[in-house]
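Trainee: Take this structure first; my questions come after.
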Amino acid sequence: MSAFQERQNEPDLSLSAIFVQLLNGLAAASSLFLVAAGLSLIFGVTRIVNFAHGSLYMLGTYTAYSLVQWFGGGIFGFWGAVLLAGLSVGLFGALVERLLLRRLYHAPELLQLLATFALVLVIRDFALWAWGPEDLLGPRAPGLEGAVAILGRRVPEYDLFLIVLGPVVLGLLWLLLTRTRWGTLVRAATEDREMAGALGVNQAWLFTSVFALGSFLAGLGGAIQIPREPAVLTMDLSILSDVFVVVVVGGMGSIPGAFLAAVIIGVLKAMCIGIGNVSAFGMEFSFSKLTLVVEFIVMAVVLVIRPWGLFGRAQGVPRGTASVEPPLSLPSPGMLKALAAALLALTLLPLVSDRYTLVLLTDILVFALFAVSLHFIMGPAGMHSFGHAAYFGLGAYAAALLFKYALPMELALLLAPLAAGLGALVFGWFCVRLSGVYLAMLTLAFAQIAWSVVYQWDAFTGGSNGLVGVWPAQWLSGKTAFYYLALVLCAGGALILWRILYSPFGYALRAGRDSPLRADAIGIDVRRQQWLGFALAGLFAGVAGAVYAFSKGSISPDTLSIPRSVDGLVMVLMGGIQTLTGAVAGAAVFTWLQDTVARQTEFWRALLGGIILFLVLVFPQGIAGFLRERWEARAGKRQS
Amino acid sequence: MTARRTFLLGTITLAIAAVFSGPAAAQNTIKIGEMNSYKNFPAFLEPYKKGWELALDEINKSGGLLGKKVEVISRDDSGTPGDAVRTAEELLSRENVSLLMGCFASHVGLAVSDFAKQRKTLFIAAEPLTDQIVWNKGNHYTFRLRPSTYMQVAMLVPEAAKLNKKRWAIVYPNYEYGQSATAGFKKLLAAKQPGVEFIAEQAPALGKIEAGAVVQALIDAKPDAIFSSLFGADLQKFVREGTQRGLFKDRPVFNLLAGEPEYLDPLKDETPAGWYVTGYPWEQINTPEHSKFLAAYRAKWNDYPRLGSIVGYSTMMSAAEAIKKAGSVDTEKMIAAMKGMQMDSPLGKFSYRALDHQSTMGAYVGRLALKDGKGVMVDWKYADGAGYLPSDAEVKAMRPAE
Numbered sequence: 000m001s002a003f004q005e006r007q008n009e010p011d012l013s014l015s016a017i018f019v020q021l022l023n024g025l026a027a028a029s030s031l032f033l034v035a036a037g038l039s040l041i042f043g044v045t046r047i048v049n050f051a052h053g054s055l056y057m058l059g060t061y062t063a064y065s066l067v068q069w070f071g072g073g074i075f076g077f078w079g080a081v082l083l084a085g086l087s088v089g090l091f092g093a094l095v096e097r098l099l100l101r102r103l104y105h106a107p108e109l110l111q112l113l114a115t116f117a118l119v120l121v122i123r124d125f126a127l128w129a130w131g132p133e134d135l136l137g138p139r140a141p142g143l144e145g146a147v148a149i150l151g152r153r154v155p156e157y158d159l160f161l162i163v164l165g166p167v168v169l170g171l172l173w174l175l176l177t178r179t180r181w182g183t184l185v186r187a188a189t190e191d192r193e194m195a196g197a198l199g200v201n202q203a204w205l206f207t208s209v210f211a212l213g214s215f216l217a218g219l220g221g222a223i224q225i226p227r228e229p230a231v232l233t234m235d236l237s238i239l240s241d242v243f244v245v246v247v248v249g250g251m252g253s254i255p256g257a258f259l260a261a262v263i264i265g266v267l268k269a270m271c272i273g274i275g276n277v278s279a280f281g282m283e284f285s286f287s288k289l290t291l292v293v294e295f296i297v298m299a300v301v302l303v304i305r306p307w308g309l310f311g312r313a314q315g316v317p318r319g320t321a322s323v324e325p326p327l328s329l330p331s332p333g334m335l336k337a338l339a340a341a342l343l344a345l346t347l348l349p350l351v352s353d354r355y356t357l358v359l360l361t362d363i364l365v366f367a368l369f370a371v372s373l374h375f376i377m378g379p380a381g382m383h384s385f386g387h388a389a390y391f392g393l394g395a396y397a398a399a400l401l402f403k404y405a406l407p408m409e410l411a412l413l414l415a416p417l418a419a420g421l422g423a424l425v426f427g428w429f430c431v432r433l434s435g436v437y438l439a440m441l442t443l444a445f446a447q448i449a450w451s452v453v454y455q456w457d458a459f460t461g462g463s464n465g466l467v468g469v470w471p472a473q474w475l476s477g478k479t480a481f482y483y484l485a486l487v488l489c490a491g492g493a494l495i496l497w498r499i500l501y502s503p504f505g506y507a508l509r510a511g512r513d514s515p516l517r518a519d520a521i522g523i524d525v526r527r528q529q530w531l532g533f534a535l536a537g538l539f540a541g542v543a544g545a546v547y548a549f550s551k552g553s554i555s556p557d558t559l560s561i562p563r564s565v566d567g568l569v570m571v572l573m574g575g576i577q578t579l580t581g582a583v584a585g586a587a588v589f590t591w592l593q594d595t596v597a598r599q600t601e602f603w604r605a606l607l608g609g610i611i612l613f614l615v616l617v618f619p620q621g622i623a624g625f626l627r628e629r630w631e632a633r634a635g636k637r638q639s
Numbered sequence: 000m001t002a003r004r005t006f007l008l009g010t011i012t013l014a015i016a017a018v019f020s021g022p023a024a025a026q027n028t029i030k031i032g033e034m035n036s037y038k039n040f041p042a043f044l045e046p047y048k049k050g051w052e053l054a055l056d057e058i059n060k061s062g063g064l065l066g067k068k069v070e071v072i073s074r075d076d077s078g079t080p081g082d083a084v085r086t087a088e089e090l091l092s093r094e095n096v097s098l099l100m101g102c103f104a105s106h107v108g109l110a111v112s113d114f115a116k117q118r119k120t121l122f123i124a125a126e127p128l129t130d131q132i133v134w135n136k137g138n139h140y141t142f143r144l145r146p147s148t149y150m151q152v153a154m155l156v157p158e159a160a161k162l163n164k165k166r167w168a169i170v171y172p173n174y175e176y177g178q179s180a181t182a183g184f185k186k187l188l189a190a191k192q193p194g195v196e197f198i199a200e201q202a203p204a205l206g207k208i209e210a211g212a213v214v215q216a217l218i219d220a221k222p223d224a225i226f227s228s229l230f231g232a233d234l235q236k237f238v239r240e241g242t243q244r245g246l247f248k249d250r251p252v253f254n255l256l257a258g259e260p261e262y263l264d265p266l267k268d269e270t271p272a273g274w275y276v277t278g279y280p281w282e283q284i285n286t287p288e289h290s291k292f293l294a295a296y297r298a299k300w301n302d303y304p305r306l307g308s309i310v311g312y313s314t315m316m317s318a319a320e321a322i323k324k325a326g327s328v329d330t331e332k333m334i335a336a337m338k339g340m341q342m343d344s345p346l347g348k349f350s351y352r353a354l355d356h357q358s359t360m361g362a363y364v365g366r367l368a369l370k371d372g373k374g375v376m377v378d379w380k381y382a383d384g385a386g387y388l389p390s391d392a393e394v395k396a397m398r399p400a401e
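Protein chains in written order, with numbering that gives the first Met the number 0: chain A, 0 to 639; chain B, 0 to 401.
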């Protein structure tokens, strides 16, 4: 096949090589464990899905780097800097909890997630501002610079130190949680927060201290990395998915579970790298490339077999933290008229607007349908998805591939959503067996697996570069024509999804969310309803994805990446998860903000984060939720 | 009541429409649209921005172009192809720019290139290294400045072949750039050195290398030499672990891009001496054109240039030269002007090939050394890009017919 001779060595996995790779894996696991333990503690007690945990880790690395420069590199300088970096991040975490998150405990669930997402944006721009764009490689640890010969291979002393550090921290945390009064309170709150509160435990103080400890561990985890890796601005998000995986595989809130999961993932990765390329039956398989996704495969397998992770237990339903969600009422005549007027305005808009407005509005329409489909399963069906972009991306790729290889554009556009629906049907079958954060993380795992396939399959999907030349047919190539196409498909899709929520199927979905037991008792097959709901949402996300592909003319793996999924979450939460139109409002505001803010300032990420924080604090019920409250207040006044 | 509400909604819609539609463009300036992923790759792109801003200054100080002042409308494309295409549309339809330039990541560059083809607009890709952008996905409207992955690999191969090492191990970031660097290296080296063996390959995820394990696996494979296309944080981790574990002892290493100040400077006193790299030894280049650039850059920014500065500066100058040579901002005329256009740059003369729209800008090839606690390039030479391209027939076969 090739003009040159190529021979892959059979994997040279002698026992000694395996042992040293085991050490490498354990060293990696220790750093991962420290960060994950903090996240697990925070989630266990406060139920906050802390997206900013990776940012705290990054702050730890940067702070430690600066402190080491400042103190000088001696033994005390170095270790003092590491410790102090951890402590200052802990203090920062406490401030975040007191000043920000505290105000949100009574908001609809997951809103804290939105706040922490805004923090990610702000902290990253802060780091850029404070430390500059260049990578900062810190010094090696004084006293541990060298390497030790083990089985004829040189292993860095610092790795050995890390291997010891992990279990030591695990032991200390275990002592803290089981042998102190504070630990007892934390465990009580993890088990049943409301009961602990009812028994007189000072929750405010407990939450702050747990958040501070979690942040300290994240900061320390970041600080001890400086002898191993440089401080870079992307390290926040690159560790975030890893620690989420570790925490979920271990079982949320379980520290020993997090440790075990970190070890499994760390060692497995090292082994994949150690095995390298393997040829069997004339096929070559690269285990090294598998490191792209191996942790997500582990998570998917673990969650399918053990729905609450390795050491986790069924989560108690949090009671009384947020206002109970009111049942969906039929839209009032006024609401319907407003909706009709908005549609009419959107239809007439091309008469007065310029070309770019139509392009931006096409994007907004696409993301509105994407957000509505996500809201469909998150809100009324109560299944939080962190991986909804998978179906958006599947729709987009199916459209692009059908168009490139076989069909006219119109047919490709219409058939592509079926691929997304099919994907959702397959993944959903596994996901609906889970609930809460575990379900969300399984959707994320599947999305990452789908992403990695698309990313790797160069011959078919174009790999990391994606596919270009996906332009609409001649009669749709004008921006106005395409805008109308997007309007019909996206607004139509959203209306169909809303209509479904008022059908018996929709009522059954909501019954399954509000009381699975009672729904079951009256003969509703809750799991099947959820499964179908999941597939439907995937189908319509696929519609959005297909329209997106043709509106951009190209498609790349980031259409099904984590950031796209997170964007969807942000839109739904910003608009207000408890209102139907919230997703549309959120998608419009977020897309418009991204477009506008990016032109205003160099530090537009921080500005965007600041605006989101402001919205979260002022409209905890979401933009649409706020409008509805005002509307109802006015209507109420008029009636009385 | 409802009528009033409908009216209100209508007003709001109109108001939004008014806000959305931008001001009518004044045409006493020439507008150039620039877009890049500033927030995603700041280490490269901040110097890049300083580079084109310096060039813009110089252009306007010398009287602008065609008697008009030049204005650059710069945008952050958020680092995704979808947002980049929307940004490009905004630059074209709202700002009425005459051409587009910029881009860093290959997938974004390709998306914008295809958009330029659809909108029949000139696009000068600054940095995307992918071979596809001028070859199998090349088009009439797209030109590319940087020497591509293929060219830079080809610049290293002669040195690699000279060493006559039999067993090679390869490590690369697992995406298109690393994959094509690897494929190109294997193909070119095997052609020059029959019997060469590639015994191990490691493909860590971009930005997420498990350096300890990767280094160990490479040691266990016992290669005679190593070819790497790692850069950024991955490279730094690889260097540190590799040094500690003795991977580089008595083994020559070839690393694309590692001599670029963006990636070399953070290594400081851990710079691995003896590595063969492509890069930019800015402090040692004594040609008049570079000295002039260096002085101007330092005067304006009080900082030294990185390779990104050169890319930004030369991209801006290319756009200006295209307009000047065409005598107009008509797309077809500018494209005709750019085909075969000669350029003076801080790195010397280069041209844009009529054949595939690739520039012949070269890169510096040399070895790393440690000097005063800093990494520098030694024994370097400038490799003119024109000498490291496949034959015209091969290029023609790859490029889609127009």
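Glycine residues also receive a C-beta, built at the ideal position from the N, C-alpha and C atoms.
1) Secondary structure at residue 61 of chain B, three-state DSSP: helix, strand or coil?
2) Please confirm whether residue 247 of chain B and residue 273 of chain B have their CB atoms less than 9 Å apart.
3) Per DSSP, what kind of secondary structure is residue 386 of chain B in: helix, strand or coil?
4) Please work out which residues of its chain come closer than 7 Å, Cβ to Cβ, to residue 481 of chain A, disregarding the five sequence neighbours upstream and downstream, and give them in chain order.
5) Could you have a look at residue 576 of chain A and say whether DSSP puts it in helix, strand or coil?
6) Which residues in the same chain have their Cβ closer than 6 Å to the Cβ of residue 213 of chain A, if we skip the five residues on either side of it in sequence?
7) Which term fits residue 180 of chain A, buried or exposed, when burial requires 16 or more other beta carbons within 10 angstroms of its beta carbon?
8) Which term fits residue 326 of chain B, buried or exposed, when burial requires 16 or more other beta carbons within 10 angstroms of its beta carbon?
9) Going along chain A, which residues have a C-beta under 8 Å from residue 218 of chain B?
10) Let me see if you follow: with CB-CB separation under 9 Å, is residue 235 of chain A close to chain B or not?
11) Using a threshold of 9 Å, state whether the C-beta atoms of residue 376 of chain B and residue 231 of chain B are closer than that.
12) State yes or no: is the C-beta of residue 466 of chain A within less than 9 Å of the C-beta of residue 560 of chain A?
13) Going by DSSP, name the residue or residues bridged to residue 122 of chain B.
14) Sort out for me which residues DSSP pairs residue 155 of chain A with in a bridge.
15) Determine, for residue 635 of chain A, whether the minimum Cβ-Cβ distance to residues of chain B falls below 9 Å.
16) When you compare each of A/418, A/113 and A/203 to residue 619 of chain A by their alpha carbons, which one comes out closest?
17) On the three-state DSSP scale, how would you describe residue 398 of chain B?
18) Based on Cα-Cα distance, which residue from A/381, A/486 and A/604 lies nearest to residue 532 of chain A?
19) So which residues of chain A does residue 45 of chain B contact, with C-beta pairs closer than 7 Å?
20) Three or more C-beta pairs closer than 8 Å, one from the region 241–251 of chain A and one from the region 79–96 of chain A: is that the case here?
21) How about residue 155 of chain A and residue 136 of chain A: do their beta carbons lie closer than 9 Å?
22) Need the endpoints of the alpha helix (DSSP H) that residue 620 of chain A sits in, please.
23) Less than 8 Å between C-beta atoms, sequence neighbours within five positions excluded: which residues of the same chain meet that for residue 173 of chain B?
24) Taking all protein chains shown into account, decide if residue 30 of chain B is buried (16 or more other Cβ within 10 angstroms of its Cβ) or exposed.
25) Hey, could you find the ends of the beta strand (DSSP E) residue 349 of chain B is sitting in?
26) Does the region 301–313 of chain A come within contact of the region 249–265 of chain A, defined as at least 3 CB pairs closer than 8 Å?
27) In three-state terms, what does DSSP make of residue 167 of chain B?
28) On the DSSP bridge list, what partners appear for residue 69 of chain B?
29) Between residue 437 of chain A and residue 228 of chain A, what straight-line distance do the alpha-carbon atoms span, to the nearest angstrom?
30) Since residue 174 of chain B meets chain A, which of its residues come closer than 7 Å, beta carbon to beta carbon?
31) Only counting the same chain, and skipping five residues up and downstream in sequence, which positions put a Cβ closer than 6 Å to that of residue 429 of chain A?
32) Between the alpha carbons of residue 313 of chain A and residue 610 of chain A, how many angstroms are there, rounded?
33) Whole angstroms are fine: how far does the CA of residue 493 of chain A sit from the CA of residue 305 of chain B?
34) Quick one: list the residues of chain A neighbouring residue 402 of chain B, beta-carbon separation under 8 Å, in chain order.
Mentor: To lay it out plainly:
1) Here residue 61 of chain B is taken as the residue at index 62 of the second sequence, counted from 1. The answer is coil: DSSP assigns residue 61 of chain B none of H, G, I, E or B.
2) Sequence index remark: in the second sequence, residue 247 of chain B carries index 248 (1-based). Sequence index remark: in the second sequence, residue 273 of chain B carries index 274 (1-based). Going by C-beta atoms, residue 247 of chain B is nearer than 9 Å to residue 273 of chain B.
3) Position 387 of the second sequence, counted from the start, is the residue given in the question as residue 386 of chain B. If DSSP states are grouped into helix, strand and coil, residue 386 of chain B belongs with the helices.
4) Here residue 481 of chain A corresponds to residue number 482 of the first sequence, with the count starting at 1. For residue 481 of chain A, where only same-chain residues beyond five positions count, the Cβ hits under 7 Å are 361, 471, 475 and 550.
5) Here the question's residue 576 of chain A lines up with position 577 in the first sequence. Residue state, collapsed to three classes: coil.
6) The count along the first sequence starts at 1 and reaches residue 213 of chain A at position 214. Same-chain partners within the cutoff: 37, 40 and 41.
7) On the first sequence, position 181 is the one that residue 180 of chain A refers to. Exposed, by the Cβ-count rule.
8) Your numbering for residue 326 of chain B matches position 327 in the second sequence. So residue 326 of chain B ends up on the exposed side.
9) Start at 1 with the first residue of the second sequence, and residue 218 of chain B comes out as number 219. Those within 8 Å of residue 218 of chain B in chain A are 152.
10) Position 236 of the first sequence, counting from 1, holds the residue named residue 235 of chain A. By this cut-off, residue 235 of chain A is not an interface position.
11) The residue you call residue 376 of chain B lines up with position 377 of the second sequence. The residue you call residue 231 of chain B lines up with position 232 of the second sequence. Not in contact: residue 376 of chain B and residue 231 of chain B (Cβ atoms no closer than 9 Å).
12) Reading the first sequence from its first residue, position 467 is the one you call residue 466 of chain A. Reading the first sequence from its first residue, position 561 is the one you call residue 560 of chain A. The answer is no: Cβ separation not under 9 Å.
13) Numbered from 1 along the second sequence, position 123 holds the residue referred to as residue 122 of chain B. B/99 and B/141, per the DSSP bridge assignment.
14) As a working mapping, residue 155 of chain A is identified with position 156 in the first sequence. Answer by DSSP bridge pairing, in chain order: A/146.
15) Taking the first residue of the first sequence as position 1, residue 635 of chain A is located at position 636. Output row for residue 635 of chain A: interface = no.
16) The sequence position of residue 619 of chain A within the first sequence is 620, counting from 1. The candidate whose alpha carbon is nearest that of residue 619 of chain A is A/113.
17) For the purposes of this step, residue 398 of chain B is identified with residue 399 of the second sequence, where counting begins at 1. In the structure shown, residue 398 of chain B sits in coil (DSSP, three-state: anything other than H, G, I, E or B).
18) As a position in the first sequence, residue 532 of chain A is number 533, starting the count at 1. Closest by alpha carbon: A/381.
19) Numbered from its first residue, the second sequence carries residue 45 of chain B at position 46. Near residue 45 of chain B (Cβ distances below 7 Å), the residues of chain A are 132.
20) Counting C-beta pairs closer than 8 Å gives fewer than three between the region 241–251 of chain A and the region 79–96 of chain A, which falls short of the contact rule.
21) Working through the first sequence from its first residue, we reach residue 155 of chain A at position 156. Working through the first sequence from its first residue, we reach residue 136 of chain A at position 137. Taking 9 Å as the cut-off, the beta carbon of residue 155 of chain A is found no closer than this to the beta carbon of residue 136 of chain A.
22) Here residue 620 of chain A corresponds to residue number 621 of the first sequence, with the count starting at 1. It is not in any alpha helix (DSSP H) - residue 620 of chain A carries neither H nor E in the DSSP assignment.
23) Locating residue 173 of chain B in the second sequence gives position 174, where the first residue counts as 1. Contacts found: 202, 203, 204 and 205.
24) The residue labelled residue 30 of chain B in the question sits at position 31 within the second sequence. Answer is buried; the Cβ neighbour count reaches 16.
25) Counted from its first residue, the second sequence places residue 349 of chain B at position 350. Here the beta strand (DSSP E) through residue 349 of chain B covers 347–350.
26) Verdict: yes, contact present.
27) Position 168 of the second sequence holds residue 167 of chain B. Strand, per DSSP.
28) Here residue 69 of chain B refers to the residue found at position 70 of the second sequence. Beta-bridge pairing links residue 69 of chain B to B/29.
29) Within the first sequence, the letter at position 438 stands for residue 437 of chain A. Within the first sequence, the letter at position 229 stands for residue 228 of chain A. Taking the straight line joining both Cα atoms gives about 31 Å.
30) Reading the second sequence from its first residue, position 175 is the one you call residue 174 of chain B. Within chain A, the residues near residue 174 of chain B are 463.
31) Indexing the first sequence from 1 puts residue 429 of chain A at position 430. Hits under 6 Å: 303.
32) For the purposes of this step, residue 313 of chain A is identified with residue 314 of the first sequence, where counting begins at 1. For the purposes of this step, residue 610 of chain A is identified with residue 611 of the first sequence, where counting begins at 1. If I take the Cα positions, the gap works out to 36 Å.
33) By 1-based counting over the second sequence, the position of residue 305 of chain B is 306. By 1-based counting over the first sequence, the position of residue 493 of chain A is 494. Rounded to whole angstroms, residue 305 of chain B to residue 493 of chain A spans 49 Å at the Cα level.
34) The structure shown does not extend to residue 402 of chain B, since chain B is modelled only from 0 through 401, so no value can be given for it.
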